[in-house]
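Take a look at the structure set out below.
Residue numbers (our numbering): 35 to 219.
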């Protein structure tokens, strides 16, 4: 009879020792995902006002983050349209991003803006577009070339309307031709 009682006790003891020797399970730490929420390819975005197309943005790839910010890691093409639907200005850059907190777009790298009406071309490294004010600006060095005369205006910083029909260079540098009859102060 003693052997029958000993067997269950031995079994319970072995089971208890076996469980005591197991490693404690550590609670896994939650690491929040910080990657993109979505990625899209071959993007074309149209902006219109009162049924008239104003801006078209094309890019090969868009990455959207958790804050609704958008990154455009590939080349960007932007067309600004006039009231009759004609393209007034084109913009090309290496990449860009949209900041959802400010509502502004920034294009970066080899930025070229061409006003097809005035035949002027802006070259810079970075440009910011505010769709609410319809203004573009930069604090970087700029070159504005007249494609008909070859004249170049250079400076640091620029403010312009979004279709680049009016602009001012913040700090002009270098030499440029003044209109006839203009005299220094």
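For each residue, glycine too, the CB sits at the ideal point set by N, CA and C.
At the level of alpha carbons, what is the spacing between residue 25 and residue 68?
Absent from the model: residue 25. The displayed extent of the chain is 35 to 219, so no value can be given.
With residue 87 and residue 115 assumed to form a contact (beta carbons below 8 Å), what rounded beta-carbon distance in angstroms separates them?
5 Å
Below 7 Å CB to CB, which residues in the same chain sit around residue 148 once its five sequence neighbours on both sides are set aside?
Counting only Cβ-Cβ distances below 7 Å, and skipping sequence neighbours, we find 123, 124 and 155.
For a test of the three-state rule: what should DSSP assign to residue 106, helix, strand or coil?
Residue state, collapsed to three classes: strand.
Classify residue 170 as buried or exposed, calling it buried when 16 or more other Cβ atoms lie within 10 Å of its own Cβ.
buried
By Cβ distance, which residues of its chain are closer than 6 Å to residue 179, with the 5 residues on each side in sequence left out?
155 and 186
According to DSSP, which residues form a beta bridge with residue 198?
In the DSSP output, where bridge partners are listed per residue, residue 198 has none listed.
Could you pull out every residue in the same chain whose Cβ sits closer than 8 Å to the Cβ of residue 102, ignoring the five residues on either side in sequence?
134
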